[in-house]
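Below is one structure, written out as structure tokens; the observations come after it.
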Amino acid sequence: MFGEVAAANSLSDVFAKGGRPRVALNVVAFPLSCEPIEVLQSILQGGQRKVIEAGAILAGGHSVEDREPKYGLVVFGEARRDDIWRIDGAEEGDILILTKPLGTGLISTAAKVDMAKAEHMNAAVESMRRLNDLPLKLDDISKSYIHACTDVTGFGLAGHLFNMLSSKGLSAEIYTKRLPVIPGALEYAEEGFVPGGGYRNRKLYAPQIGGLDEISPAEAELLFDPQTSGGLLLAVHPEGSEMVLAACRTSGWHDAAAIGRLIRGDGEIAVKTQP
């Protein structure tokens, strides 16, 4: 599981640019003196499975001995110049589509103290293991409607959305009742299982978000929850948003949802329950 999730997370950076992974290298730190070699083999096998699933080649890697296991990939990919998805290409009126549900940070935090239900943790793991290989699934017509893209990871939905708005003269509306959520995540937010990264993200981004007092504290935590191998956040021309959303769902991202829209503004985010 660890190897698959880490590899999916690493491969996501290429997919978020609209690219196709070609070559990957393992980067491993492992405590050989206190962990069995079978654990390392399992991690590497999991990573290799995801590289193969992505259609890339695993060309070796580098390893060092360390006090705790660490694993990831260096990934090289390619895309035609005109097909690259930029983070700064969003336009006024674009519809925001999120391909995966939120909540991996909240659920993982509960799991660390054995407070997460098995079905919730399993759902989180399945989401994290899922490749963000959307560029390999969409046809050229659907791709042409996508103006910008980023993957949602450690800075949470709010942080990565702010990066998309940067220097564009745009603001965003987010509709919390449309946010896809992994089962159990809201429950753990209500119980206070907030990861350290969630507190950090709230401190950084909450001052620039309007309407937080109009939603529940648990819903607010979803905006700041740091994701591991989170989904893609797409800014899509409104004329093609339904086509792209349907393509996401038929390609396996069943929780994909249109969660908001971009408007003219000064880089703020406004949260509402509904449009």
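Counted the way our numbering counts, the sequence shown spans residues 748 to 1022. We put the CB at the ideal spot given by N, CA and C, even for glycine. What you are looking at is a predicted structure, and each value in this text was computed from that prediction instead of being measured.
- Item | Runs of beta strand (DSSP E) lying entirely within the segment 818-864, each at least 3 residues, in chain order | 842-845
- Query: Around the Cβ of leucine 885, are there at least 16 other Cβ atoms within 10 angstroms (buried) or fewer (exposed)?
  - Reply: buried
- Query: With burial defined as no fewer than 16 other Cβ atoms inside 10 Å of the residue's Cβ, what is the status of lysine 950: buried or exposed?
  - Reply: exposed
- Going by beta carbon distance, what residues of the same chain come within less than 8 Å of isoleucine 804, once the five residues before and after it are set aside? Arg769, Val770, Ala771, Val798
- Message: Starting from alanine 993, trace the alpha helix (DSSP H) in both directions and tell me its first and last residue.
- Response: 988-997
- Message: Quick check: the Cα distance between leucine 787 and methionine 990, rounded to an integer number of angstroms?
- Response: 42 Å
- Once you ignore the five residues that flank glutamate 961 on each side, which residues in its own chain have a CB closer than 8 Å to its CB? Counting only Cβ-Cβ distances below 8 Å, and skipping sequence neighbours, we find Val1018, Lys1019, Thr1020.
- Do alanine 1004 and proline 927 have their CB atoms nearer than 7 Å? Proline 927 sits close to alanine 1004, with the two beta carbons spaced by under 7 Å.
- Item | Counted within 10 angstroms of its Cβ, other Cβ atoms place tyrosine 935 as buried (16 or more) or exposed | buried
- Message: Please state whether the Cβ-Cβ distance between arginine 996 and isoleucine 842 is less than 7 Å.
- Response: no
- Task: Any chance you could list the beta strand (DSSP E) runs of at least 3 consecutive residues sitting entirely within the segment 888-964, in chain order?
- Result: 893-898, 917-922
- What number of angstroms, rounded off, separates the C-alpha of glutamate 785 from the C-alpha of lysine 817? Going by the C-alpha atoms only, they are around 15 Å apart.
- Query: When we look at the beta-carbon of leucine 779 and count the other beta-carbons within 10 Å, is it buried (16 or more) or exposed?
  - Reply: It counts as exposed.
- Provide the residue(s) that pair with asparagine 773 in DSSP beta bridges, ordered along the chain. Gly808, Leu820
- In terms of DSSP beta bridges, what is glycine 1007 paired with? Leu843, Ile921
- Task: Spatial neighbours of isoleucine 790 within its chain, please: CB distance less than 6 Å, with the 5 preceding and 5 following residues excluded, ordered by chain position.
- Result: Same-chain partners within the cutoff: Phe749, Gly750, Tyr818.
- From Gly957, Pro882, Leu908, residue whose alpha carbon lies closest to that of alanine 801: Pro882
- Item | Neighbourhood of histidine 894 by C-beta, 6 Å cutoff - its chain only, sequence neighbours within 5 removed | Gly836, Ala837, Glu838, Asp841, Ala982
- Within this structure, are the beta carbons of valine 872 and glutamine 974 separated by less than 7 Å? no
- Beta-carbon spacing of lysine 847, glycine 978 below 7 Å: yes
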